[in-house]
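Engineer: Okay, handing you the structure first.
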Amino acid sequence: MALDRVVPLETREGHKYLIKFNSFNLDVLPDGITVPIIDITIEKVNDLAETNNAGTLFQIAAIIKDYAIENDVILYCYCDTAPIAKRSREILNQEFRSLLFIKMFEKQANDEYLNEQIIINDPANGDHYIHLFSKIHNKPSIELIASELQRFDK
């Protein structure tokens, strides 16, 4: 079964997204990782003036969870710095996205899944927020990846 996939999503309000699942090259991962690592990218296709609502976030989370149910993988999500509508200007865009990711999966996940947040401190460029989402039995691999990523902490 091919793990790479693109899932289109159009909301009732007309927002269009592509949820992309792309395999990491196992050669760049720490030794001992045998579970496929899948990078998640959420790409906005159109630009509407109307702000998204929680329903859109839960639709995206459901697509991601369905993928996780179908495939025994670790999902990797990097929260980028691109502009995003938010109430507080004091919170960084990447931190805001990370908080959204946590809330999305609190509504979708259960005791069978783990959502590991990793924060890499970077005073020069802003902190980096990464999430690893998988079935709980992949916890040892998630911990190994998290440990490797923490080496970049400044």
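Using my numbering, the letters of the sequence shown map in sequence onto residues 23 to 176.
Where a beta carbon is used, it is the ideal one built from N, C-alpha and C, also for glycine.
Since F80 is in the alpha helix (DSSP H), which residue starts that stretch and which ends it?
Structural biologist: A76 to E92 is the span of the alpha helix (DSSP H), which, as asked, contains F80.
Engineer: Taking buried to mean at least 16 other C-beta atoms within 10 Å of its own C-beta, is L8 buried or exposed?
Structural biologist: Because the chain is modelled from 23 through 176, residue 8 falls outside the range shown and cannot be assessed.
Engineer: For P30, which of helix, strand or coil comes out of DSSP?
Structural biologist: Here P30 sits in strand by DSSP.
Engineer: Specify the secondary structure class of F155 as computed by DSSP and reduced to three states.
Structural biologist: F155 falls in the strand class under three-state DSSP.
Engineer: Check each candidate in Q172, T103, Q139 and F127 and name the one with the smallest Cα separation from D88.
Structural biologist: Residue F127 is the option with its Cα nearest to D88.
Engineer: List the whole-angstrom C-beta distance separating I167 from I62, where the pair is believed to meet the contact cut-off of C-beta under 8 Å.
Structural biologist: Not really, about 14 Å apart at Cβ, beyond 8 Å.
Engineer: Once you ignore the five residues that flank F118 on each side, which residues in its own chain have a CB closer than 7 Å to its CB?
Structural biologist: Result list for F118: I106 and K108, in chain order.
Engineer: With S45 as the anchor, note down where its alpha helix (DSSP H) starts and where it stops.
Structural biologist: That residue, S45, is in no alpha helix (DSSP H); its beta strand (DSSP E) goes K38 to S45.
Engineer: In this structure, does DSSP put E65 in helix, strand or coil?
Structural biologist: E65 falls in the strand class under three-state DSSP.
Engineer: My understanding is that L31 touches I82, with C-beta atoms under 8 Å, so please give their C-beta distance in whole angstroms.
Structural biologist: About 7 Å separates the two Cβ atoms, so the contact holds.
Engineer: Do the region 151-158 and the region 91-99 meet, that is, are 3 or more Cβ pairs less than 8 Å apart?
Structural biologist: Result yes; three or more Cβ-Cβ pairs closer than 8 Å.
Engineer: Assuming E138 is part of the beta strand (DSSP E), what are its boundary residues?
Structural biologist: Looking at the DSSP string, the run of the beta strand (DSSP E) that includes E138 is Y135 to I142.
Engineer: How far does the alpha helix (DSSP H) with L97 in it extend, from its first residue to its last?
Structural biologist: First-last for L97: I96 to C101, but that is the beta strand (DSSP E), not the alpha helix (DSSP H).
Engineer: Closer than 7 Å by C-beta to F43: which residues in its own chain qualify, once you throw out the five before and the five after it? Chain order, please.
Structural biologist: Cβ neighbours of F43 beyond the five flanking positions: L25, D26, R27, I60, I62 and Y89.
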